[in-house]
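Worksheet for the structure shown next.
Residue numbers (our numbering): 30 to 203.
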């Protein structure tokens, strides 16, 4: 009978050589540990198990997943790592450079979808009428002003503005 140490040793050997540790025969799928056949089998077992659960059990699983996600977020943030992927975070942010770019692009696409889907005179975030002269309702206008005020008081923003001013005031060298 195999011990846990032997099983772990075999798993590490197969994984390091790019072989599926479940079947020990196929090459691992790109970016994965297991082969496509074993991944399909695992997915089918997971779906069958999920379908057999009651709604209460499903909610317990969702709750555990949320709690572990929050704990991982706090742990990575405290360690100065990207809260999304675990790489070192960009200074003054909770995400790394790549995740910040992805987040910015996603936000921009979402905002563009909302703007293009709304009729003139309707808030781009909700369906309320806009504040005269703006594209936002009064509630969302107040929220954006609060966000901007918070950003202006942020130390990261102050540092970047100070650097920009130093660059502007520097004498030109020819």
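Virtual Cβ for every residue (Gly too), placed ideally from N, Cα, C.
* Helix, strand or coil at residue 228 according to DSSP, with G and I counted as helix -> Beyond the ends of the chain as shown, which are 30 and 203, falls residue 228; an answer cannot be given.
* Asked: Between residue 154 and residue 163, what straight-line distance do the alpha-carbon atoms span, to the nearest angstrom?
  -> 12 Å
* Asked: Leaving out the 5 sequence neighbours to the left and right, which residues in its chain are closer than 8 Å to residue 129 when beta-carbon positions are compared?
  -> 119, 122
* To do: Spatial neighbours of residue 203 within its chain, please: CB distance less than 6 Å, with the 5 preceding and 5 following residues excluded, ordered by chain position.
  => With a pLDDT of 45 at residue 203, under the threshold of 50, the modelled position of this residue cannot be trusted, and the question is left open.
* With distances taken between CB atoms, is the gap from residue 56 to residue 50 smaller than 8 Å? -> no
* Asked: Near residue 167, what residues of its chain come up, given a Cβ to Cβ distance below 6 Å and the 5 sequence neighbours on each side ignored?
  -> Answer for residue 167: 160, listed in chain order.
* Note down the Cα distance separating residue 111 from residue 136, rounded to an integer number of angstroms. => Looking at the two C-alpha atoms, the distance is approximately 18 Å.
* Apart from the five residues just before and just after residue 64, which ones in its own chain have a Cβ nearer than 7 Å to its Cβ? -> Same-chain partners within the cutoff: 49, 52, 55, 56, 57, 58.
* **residue 90 versus residue 79: straight-line alpha-carbon distance, rounded** => 10 Å
* Asked: At what residues does the alpha helix (DSSP H) containing residue 175 begin and finish?
  -> 167-181
* Nearest-angstrom Cβ-Cβ length linking residue 115 and residue 105, presumed shorter than 8 Å -> Sure, about 6 Å apart at Cβ, within 8 Å.
* Below 8 Å CB to CB, which residues in the same chain sit around residue 173 once its five sequence neighbours on both sides are set aside? => 165
* Measure the C-alpha to C-alpha separation of residue 92 and residue 39 and round it to an integer number of angstroms. => Looking at the two C-alpha atoms, the distance is approximately 34 Å.
* Rounded to a whole number of angstroms, what is the C-alpha to C-alpha distance between residue 141 and residue 124? -> 23 Å
* **Residue range of the alpha helix (DSSP H) that includes residue 101** => Per DSSP, residue 101 belongs to the alpha helix (DSSP H) from 84-107.
* Inter-residue spacing [alpha-carbon to alpha-carbon] between residue 133 and residue 139 -> Taking the straight line from one Cα to the other gives about 10 Å.
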